[in-house]
Amino acid sequence: MRTSCSEGNTTCKIPIMVLENASGFVLAPSTLEPVGNWDNIDERIKHIALIPLTILILITNFIVLTFIAANKKFHTPTYIFVASLGIADIFVGCVSIVTLTTRANEPTQNLCLLRIGFTVASVMASMLSLTSIAIDRYIAITKALTYNLIMTRSRTFLCIILSWIISLVFGFSPLMGWNNAYYGQYCSFMYVMTTSYIVVLFIIAAVIPMSLMFFIYITLFLNAQVHIKRIQAIENIYAERKNSGLFGISKRNLRSVKTFSAVFGCVVITWLPFMITTVVQIICGDSVCFLKDIIGTHLLVLGFSNSFLNPIIYAIGTKDFRSKVKHIFRSKCSKNGSQVYP
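In this note's numbering, the protein residues as written are 6 to 347.
This is the structure:
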């Protein structure tokens, strides 16, 4: 049990204790006052950081989606999964706008759970899209000759639909009743969710997808190293074929693996601190650890930054994207130049 109340502030963290029931551990308040302070320094920093981050998330992902939609060259299973990832990241940006508007002070528990539900669903859809991309790259490299037969458009869209259904179901489960019974008008993840929900969510949305992606990319990198050595060994003999046929396809797939591996690395860097700290808070309990405010502010913003980094990595790491961007900018510059100097 703990109490935290700053002088001159009418909003206090109230004494709480942990009770166990059939749905998990719930926070039972000793009073009916709010359990958090949405005007503390952590919340202020979060809101300041979210303003530019939200703008960048929306702009960069909108650009990626525009490129994919406008160019038939990008209408492949891989980039359809990338588009799904971009949509999920745009939803993260939209949720950030709502967070900035409400200042984590939704008047009712249902509105709070609605916002957090969209957040969880968007992040989970993003994670499942990354997993789908990893599986797609694995099939493209290990089953190159039958890739087009396996990864059809119908199967691609089916995977995306299932991913979003799973994400929405888990995201809005708390709104259906899987939540803490008490709401203190401070809408933060750790204050309104039960321990059982957090544990199941982390296993389904983080542990399994990240473990699968790690295994796939490690396997692909090991196979790629062997393949590169074989290419180098015969490159002098078949120099004229190194940029065409089987060799060219393999090198292109290798570049895509590197790009999406970088995306996976960013996921680990941005979301793993949030996950680890949350697990630590659950294990040590409220009477020992006081990490809830940090989890719901600083580490949450770090996790949201992943939605901005994803499209940046595509732009830098994908040759097709770079070439298309350069072509568009050159066309615009040439057009403007011809208008100014007829």
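The C-beta atom is built at its ideal place from N, Cα and C for all residues, glycine as well. Remember, it's a predicted structure, so these values are computed and weren't measured experimentally.
How is residue i classed by DSSP in three states: helix, strand or coil?
i      : result
Phe252 : Reliability fails at Phe252, whose pLDDT of 44 lies under 50, so the model's placement of it is uncertain and the value that follows must be treated cautiously. Helix, per DSSP.
Trp183 : coil
Met156 : coil
Asp325 : helix
Tyr188 : coil
Lys148 : coil
Asn110 : coil
Ile117 : It should be pointed out that residue 117 corresponds to Cys in this sequence rather than to Ile. The answer is helix: DSSP assigns Cys117 an H, G or I state.
Gly308 : helix
Val285 : helix
Val293 : coil
Pro347 : Bear in mind that the predicted position of Pro347 carries a pLDDT of just 45, short of 50, making it too unreliable to give a figure here.
Asn66  : helix
Phe79  : helix
Ser193 : coil
Asn315 : helix
Phe279 : helix
Asn45  : coil
Ser216 : helix
Ser178 : coil
Near residue i, what residues of its chain come up, given a Cβ to Cβ distance below 7 angstroms and the 5 sequence neighbours on each side ignored?
i      : result
Ile155 : Ile144, Lys148
Leu225 : Arg142, Tyr143, Ile146, Val262
Gly91  : Asn66, Val69, Leu70, Pro316
Pro39  : The pLDDT assigned to Pro39 is 46, lower than 50, so where the model puts this residue is not dependable, and the model offers no usable value.
Pro278 : Leu304, Leu307
Met129 : Ser172, Phe175, Gly176, Ala210
Phe326 : Phe72, Tyr319, Ala320
Ile281 : none
Tyr152 : Ile144, Ala145
Between residue i and the rest of its own chain, which residues show a CB-CB distance below 8 angstroms, the 5 nearest in sequence each way excluded?
i      : result
Asn110 : Trp43, Gln190, Tyr191, Cys192
Ile170 : none
Leu135 : Leu90, Pro214, Met218, Phe265, Val268, Phe269, Val272
Ile165 : Ile85, Phe86, Ser89, Ser134, Ser137
Lys78  : Asp325
Leu61  : Phe313
Lys329 : Phe72, Asn76
Along the chain, where does the alpha helix (DSSP H) containing residue i start, and where does it finish?
i      : result
Thr106 : 82-107
Ser201 : 200-207
Lys297 : 297-301
Below 6 angstroms CB to CB, which residues in the same chain sit around residue i once its five sequence neighbours on both sides are set aside?
i      : result
Val125 : Gly176
Thr275 : Leu307, Gly308, Ser310, Asn311
Pro82  : Asp141, Met156, Thr161
Ile221 : Ala139, Tyr143
Val103 : Arg120
Gln286 : Cys294, Leu296
So is the beta-carbon of residue i under 7 angstroms away from any non-hydrogen atom of the ligand COA?
i      : result
Met198 : Looking for the ligand COA in the displayed structure turns up nothing, as the structure carries no ligands at all.
Would you check if there are 3 or more beta carbon pairs closer than 8 angstroms linking the region 116-136 to the region 172-180?
yes
Please determine if the region 79-96 and the region 44-59 are in contact, where contact requires at least 3 C-beta pairs separated by less than 8 angstroms.
no
Which ranges does the beta strand (DSSP E) cover as unbroken runs of at least 3 residues, wholly within the region 122-148, from first to last along the chain?
Within the region 122-148, not a single complete beta strand (DSSP E) segment reaches 3 residues in length.
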